[in-house]
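Peer 1: Residue numbers for the sequence shown follow this note's numbering, so the first one is 209 and each next one is one higher.
A virtual CB, placed ideally from N, CA and C, is assigned to each residue, including glycine.
This structure is a prediction, so every number in the text was calculated from the model and none was measured.
Encoded as C-alpha cells, here's the structure I'll be asking about.
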Amino acid sequence: MPIVIRQPYATHYVVIVLTSDDHDSEVFSYLGFVSRENLKILQGEPKGYKQPAEAARSGKEVIRYFCGDCGTPLWAAAESAPETYSIKLAMFGNSLPPAMEIFWKHAHDWQKPIVPAEMVFEEWY
209 MPIVIRQPYA
219 THYVVIVLTS
229 DDHDSEVFSY
239 LGFVSRENLK
249 ILQGEPKGYK
259 QPAEAARSGK
269 EVIRYFCGDC
279 GTPLWAAAES
289 APETYSIKLA
299 MFGNSLPPAM
309 EIFWKHAHDW
319 QKPIVPAEMV
329 FEEWY
C-alpha cells in the first residue's frame, strides 16, 4: 500500500514490548511518529482494528491500521497521542538510527540499550 509522509519523522524509536509470556509475541517494534495531517494514502484501503482501552499500555483507545490486502501493520492512532500516528518502520535495511527506547521495564534480562541512557524510558504515555 503506497503511503506518503510529508515530513521527516519527528522521532523514531525502538519500542520494547511486553514479553511473549504476556499477550505480544514480538520483542521489538521499530516505530516513527508523524503528524496525522502529514500522512497521505496513495492507493489501497487500510483497515483498522480498535484495540480495547484496557489492553493498551496507556489505558486509552488505540486503533491499529493494516493493509486491507495483505495484512501488513501500517500505523496506530492512539487516543493518548491525538496529533500523531505511530508508523511501523522496517527493522532492517533502514537508515534511521533509533533515537530512544520506551517501555524498557518489559525488557528481557539479555537485552541492552542501544541509545544513550537518558533516552531509555521505563514507560511512555
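Would you check if the distance between the CB atom of residue 276 and the CB atom of residue 290 is smaller than 7 Å?
Peer 2: Indexing the sequence shown from 1 puts residue 276 at position 68. Indexing the sequence shown from 1 puts residue 290 at position 82. The answer is no: Cβ separation not under 7 Å.
Peer 1: How should residue 245 be labelled, buried or exposed, when 16 other C-beta atoms within 10 angstroms of its C-beta is the threshold for buried?
Peer 2: For the purposes of this step, residue 245 is identified with residue 37 of the sequence shown, where counting begins at 1. With fewer than 16 other Cβ atoms within 10 Å, it is exposed.
Peer 1: Flag this pair as yes or no: are the beta carbons of residue 238 and residue 282 separated by less than 7 Å?
Peer 2: In the sequence shown, residue 238 corresponds to position 30, counting from 1. In the sequence shown, residue 282 corresponds to position 74, counting from 1. Not a contact, by the Cβ cut-off of 7 Å.
Peer 1: Can you list, in chain order, the residues of its chain whose CB lies under 7 Å from that of residue 330, leaving out five sequence neighbours each side?
Peer 2: Here residue 330 refers to the residue found at position 122 when the sequence shown is read from its first residue. So the list reads 312, 313, once near-sequence residues are dropped.
Peer 1: Could you spell out the range, first to last residue, of the beta strand (DSSP E) harbouring residue 310?
Peer 2: Reading the sequence shown from its first residue, position 102 is the one you call residue 310. Its beta strand (DSSP E) spans residues 308-310.
Peer 1: Under 7 Å, do residue 295 and residue 242 count as touching if we go by C-beta distance?
Peer 2: The residue given as residue 295 occupies position 87 in the sequence shown. The residue given as residue 242 occupies position 34 in the sequence shown. Contact flag set, yes.
Peer 1: Between the Cα of residue 173 and those of 285, 307, 279, spot the shortest distance and give me the residue it belongs to.
Peer 2: Absent from the model: residue 173. The displayed extent of the chain is 209 to 333, so no value can be given.
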